[in-house]
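Colleague: Position one of the sequence shown corresponds to residue 426 (our numbering), numbered consecutively onward. Every residue, glycine too, gets a C-beta built ideally from N, C-alpha and C.
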Amino acid sequence: MTGRDRALVVGAGYGGLLAAQVLATRFRQVVLVDRDDITDSDQPRRGVPQGHHPHYLLEHGAHTLENLLPGLRQAVTGDGVATRDFGSDARFLLPSGWTPRVPTGIQIQSMTRPYLEQQIRRRVLDHPNLTLRCATPVDRVVVRAGRVRGVRTGDEVIEADLVVAATGRGNVVGTWLESAGYGPVPERTVAAEVTYTTRTYPTAPPDLDACLAVLLYAPLQQRGGGVLAVEKGRSVLALFGYGAHRPPLDDDGFLRFARSLPDPCLADFLATAPPHVHAHRFIDRGNRWRLVHQVRSWPDGLAVLGDALCTFNPIYAQGLTVAAMEAQALGESLDRHEDCRTFHKRCARIIRVPWLMSTSSDMAWSLPRAPWAARAAHWYSTRLVDRVPTDPELYRVFAGVQHMRRSPAALAAPSVVAKALRPRPAAGTVRPTRSVKTSGS
Ligand SMILES: Cc1cc2nc3c(=O)[nH]c(=O)nc-3n(C[C@H](O)[C@H](O)[C@H](O)COP(=O)(O)OP(=O)(O)OC[C@H]3O[C@@H](n4cnc5c(N)ncnc54)[C@H](O)[C@@H]3O)c2cc1C
426 MTGRDRALVV
436 GAGYGGLLAA
446 QVLATRFRQV
456 VLVDRDDITD
466 SDQPRRGVPQ
476 GHHPHYLLEH
486 GAHTLENLLP
496 GLRQAVTGDG
506 VATRDFGSDA
516 RFLLPSGWTP
526 RVPTGIQIQS
536 MTRPYLEQQI
546 RRRVLDHPNL
556 TLRCATPVDR
566 VVVRAGRVRG
576 VRTGDEVIEA
586 DLVVAATGRG
596 NVVGTWLESA
606 GYGPVPERTV
616 AAEVTYTTRT
626 YPTAPPDLDA
636 CLAVLLYAPL
646 QQRGGGVLAV
656 EKGRSVLALF
666 GYGAHRPPLD
676 DDGFLRFARS
686 LPDPCLADFL
696 ATAPPHVHAH
706 RFIDRGNRWR
716 LVHQVRSWPD
726 GLAVLGDALC
736 TFNPIYAQGL
746 TVAAMEAQAL
756 GESLDRHEDC
766 RTFHKRCARI
776 IRVPWLMSTS
786 SDMAWSLPRA
796 PWAARAAHWY
806 STRLVDRVPT
816 DPELYRVFAG
826 VQHMRRSPAA
836 LAAPSVVAKA
846 LRPRPAAGTV
856 RPTRSVKTSG
866 S
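Okay, structure coming up:
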C-alpha cells in the first residue's frame, strides 16, 4: 500500500467506519461512500438489514473498539448503556441448565446495532480530512496496470491510492473483480440456516440486567430466543430457529413460538409487553469465508474487510469483533508499508480461530455427515456443556474463550479435560428440557 494521498472506503457501515477511522490519521484525505442515504439516525437502515436484530459485542471486540475510538465505552453510558458482568448479569439456558450466576470479570455493554453505528459514525466524521458521500453506489473498481486506481459510480470515477471494500455480506467484491478481468475468489462455506424474528420494545423486563437467552445447541436444541436490554431503557427480543423452525412474524405465532421454548422466560415477558410491535425477519445461511489471501493475481490497492471478507453464523456474535480486529490490522499493515496481500494474510490469521469455533459447532447440525474431527469436538464440548451449570470455574473458562479473551486451547487444559472425562451428571444432560427455572442458579 504505497501512495498516501487519498483513501476511499466503500461501505459506511460498522466495518467501513472503523477502517475510515484508521485511515484518517494515515492519509491526507479519506472518502467514505455508501449507497444508502445516511443521516445522523440511530434507527436501522436499508443497506444494513441485520440492524433490526440483536447485536452482542464480545469483550475482545469492545476492547479493540475502545483502542480505535478511546472514550466510546464511557460515552454511551450517558444513554443508559450500563457496563455489566457477563456471568452475573447475563444468563443463558443451555440444554443442560442455566449458566451459573457468578462474576466472570468479563465486562459487557449491550446496545442496538444502529445506535452503535451512530456513535462510531459521529466520532469518525469528526476528522476534518474525511468526507462521507451518501447515495453513492459503487459499480466497480478501476484497475490499471495491476493496481486499483479508484472506483466507478455511475458516470463518475473517484480516484484513490487505496480502496477498502467494507460492503457487507453480498459478493460485491467478487463481482467487481470479475468485471475487471480477474478470476473468481475461492471461498469456504459451512451452512447453518437460522431464522431470526425480532421486535424492539420501548421498555425492558423489570428483572432483566443485561441478557436472558435460550440458546440453540446443535443438533438437539433447534429453537431459541433472547432478550437484550439496550440503550434508552429499551429491549430487543429475538426468537430464532434452525432450518424449518422459523419464528412467525404475527403476534399469536410469535408468542406460540416463545412458549415452545424449554423455558417460559420470554413468553412471560411477551405476555406483558405491548402488542402489535412490528417484527422483522432475517434468514441467515451460515458461514462464508472469501479466501482473498489465497488469490495470487490480486490488484494491489484493494483491501477487503468485515463481512465482505467473512461472515459467521450470527448466533456466535463474532462479526463485530472480527471486523474491529481487521480494522486495527489495517493500521498496522499501513504502518509497516505492507501490500494488500500481506494485509489479507493478517486478516486470515484473525479469522482462523473464530471460524473454527463457529463452524465446528455448526457442523454438528448434520452430525452423522460431519468430519470425524467435528464429531469428536462435538462429543467433547457436549461433555463440558453438561457440567457448565454446576461448575462456575468451567463456565469462566468457556466465557473467556467465547469472548476471545482466552485461546480455545484453554478448553484442552488438563484440568478441563479431566472434567470432560468424568462420568456425566445424572440429571441435566444435553437434551431439550422445559423444566428449568429462570431465577437463581
Ligand atoms: C441477524 C444477525 C445478527 C447478528 N448479531 C451479531 C452479534 O450479536 N454480534 C456480532 O458481533 N455480530 C453480529 N452480526 C454480524 C454483524 O452484523 C456483521 O458482522 C457486521 O455488521 C459487519 O459489518 P460490515 O461493515 O462488514 O457490513 P455492513 O454493516 O453490512 O455494512 C455494509 C455497508 O456497505 C454498503 N454497501 C454495500 N454495497 C455497496 C456498494 N456497492 N456501494 C456503496 N455502498 C455499499 C451498505 O449500504 C452498508 O452500509 C449479526 C448479523 C446478523 C445477520
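How about P627: is its Cβ closer than 7 angstroms to a heavy atom in ligand 1?
Modeller: no
Colleague: Please report how far the alpha carbon of S783 lies from the alpha carbon of Y741, in whole angstroms.
Modeller: 7 angstroms
Colleague: Between the Cα of T489 and the Cα atoms of G436, R710, G440 and T561, which residue gives the shortest distance?
Modeller: G440
Colleague: Who are the Cβ neighbours of G599 in its own chain at under 6 angstroms, not counting the five residues just before and after it?
Modeller: V610
Colleague: Going by DSSP, what residues sit across from N712 in a beta bridge?
Modeller: V615
Colleague: Along the chain, where does the beta strand (DSSP E) that runs through S867 open and close?
Modeller: The structure shown does not extend to residue 867, since the chain spans only 426 to 866, so no value can be given for it.
Colleague: Return the chain-ordered list of same chain residues with a C-beta closer than 6 angstroms to the C-beta of V597, the five sequence neighbours on each side being excluded.
Modeller: The beta carbon of V597 sits closer than 6 angstroms to none of the beta carbons in its chain outside the five residues before and after it.
Colleague: Ends of the beta strand (DSSP E) at A654?
Modeller: Note, A654: beta strand (DSSP E), R648 to A654.
Colleague: Pull the bridge partners of T736 from the DSSP assignment, please.
Modeller: R713
Colleague: So, at 8 angstroms on beta carbons, what are the nonlocal neighbours of H701 in its own chain, with the 5 sequence-adjacent residues on each side left out?
Modeller: D676
Colleague: Can you tell me which of the three DSSP states W797 falls into?
Modeller: helix
Colleague: Helix, strand or coil: how does DSSP classify R547 here?
Modeller: helix
Colleague: Per DSSP, what kind of secondary structure is T858 in: helix, strand or coil?
Modeller: In this prediction, T858 has a pLDDT of 38, which is less than 50 and means its spatial position is unreliable; nothing more can be read from the coordinates.
Colleague: Compute every distance between the C-beta of D709 and the non-hydrogen atoms of ligand 1, then say whether any falls below 7 angstroms.
Modeller: Yes, the Cβ of D709 comes within 7 angstroms of a heavy atom of ligand 1.
Colleague: Please state the DSSP three-state secondary structure of C559.
Modeller: Assignment of C559 by DSSP, reduced to helix, strand and coil, places it in the coil class.
Colleague: Taking buried to mean at least 16 other C-beta atoms within 10 Å of its own C-beta, is T746 buried or exposed?
Modeller: Its Cβ being crowded by 16 or more others within 10 Å, T746 is buried.
Colleague: So what does DSSP say about R509, is it helix, strand or coil?
Modeller: In this structure, R509 counts as strand in the three-state DSSP scheme.
Colleague: Whole angstroms are fine: how far does the CA of R565 sit from the CA of G428?
Modeller: 21 angstroms
Colleague: Would you say the beta carbon of P673 comes nearer than 7 angstroms to a heavy atom of ligand 1?
Modeller: False, no ligand heavy atom lies under 7 angstroms from that Cβ.
Colleague: Is it a yes or a no for the segment 606–620 touching the segment 709–718, going by three-plus beta-carbon pairs under 8 angstroms?
Modeller: yes
Colleague: Indicate the three-state DSSP secondary structure (helix, strand or coil) for I533 in the structure shown.
Modeller: Under the three-state reduction of DSSP output, I533 falls in the strand class.
Colleague: In this structure, how does DSSP classify H670 when only helix, strand and coil are distinguished?
Modeller: coil
Colleague: Applying the 10 Å Cβ sphere with the 16-neighbour rule, what's the burial state of H478?
Modeller: buried
Colleague: Which of the three DSSP states is assigned to E581 in this structure?
Modeller: strand
Colleague: Rounded to whole angstroms, what's the CA-CA distance from A432 to S685? Just pull it up for me.
Modeller: Rounded to whole angstroms, the separation of the alpha carbons of S685 and A432 is 51 angstroms.
Colleague: P699 to G505, Cα distance in whole Å?
Modeller: 21 angstroms
Colleague: For L518, which three-state DSSP category applies?
Modeller: strand
Colleague: In whole angstroms, what is the alpha-carbon distance linking R624 and R451?
Modeller: 41 angstroms
Colleague: Who are the Cβ neighbours of R594 in its own chain at under 7 angstroms, not counting the five residues just before and after it?
Modeller: D732 and T736
Colleague: Apart from the five residues on each side of it in sequence, which residues of its chain come closer than 6 angstroms, Cβ to Cβ, to A773?
Modeller: H718
Colleague: What does DSSP give as the partner residues of C636 in its beta bridges?
Modeller: A515 and L653
Colleague: In chain order, what are the residue ranges of uninterrupted alpha helix (DSSP H) at least 4 long that sit wholly in the segment 429–496?
Modeller: You should have 439–449 and 484–493.
Colleague: For a test of the three-state rule: what should DSSP assign to W723, helix, strand or coil?
Modeller: coil
Colleague: If I follow the unbroken beta strand (DSSP E) through V568, where does it start and stop?
Modeller: R565 to R569
Colleague: Measure the C-alpha to C-alpha separation of V843 and A500 and round it to an integer number of angstroms.
Modeller: Sequence inspection shows Ala at residue 843; the Val mentioned does not correspond to that position. Cα-Cα distance, rounded: 44 angstroms.
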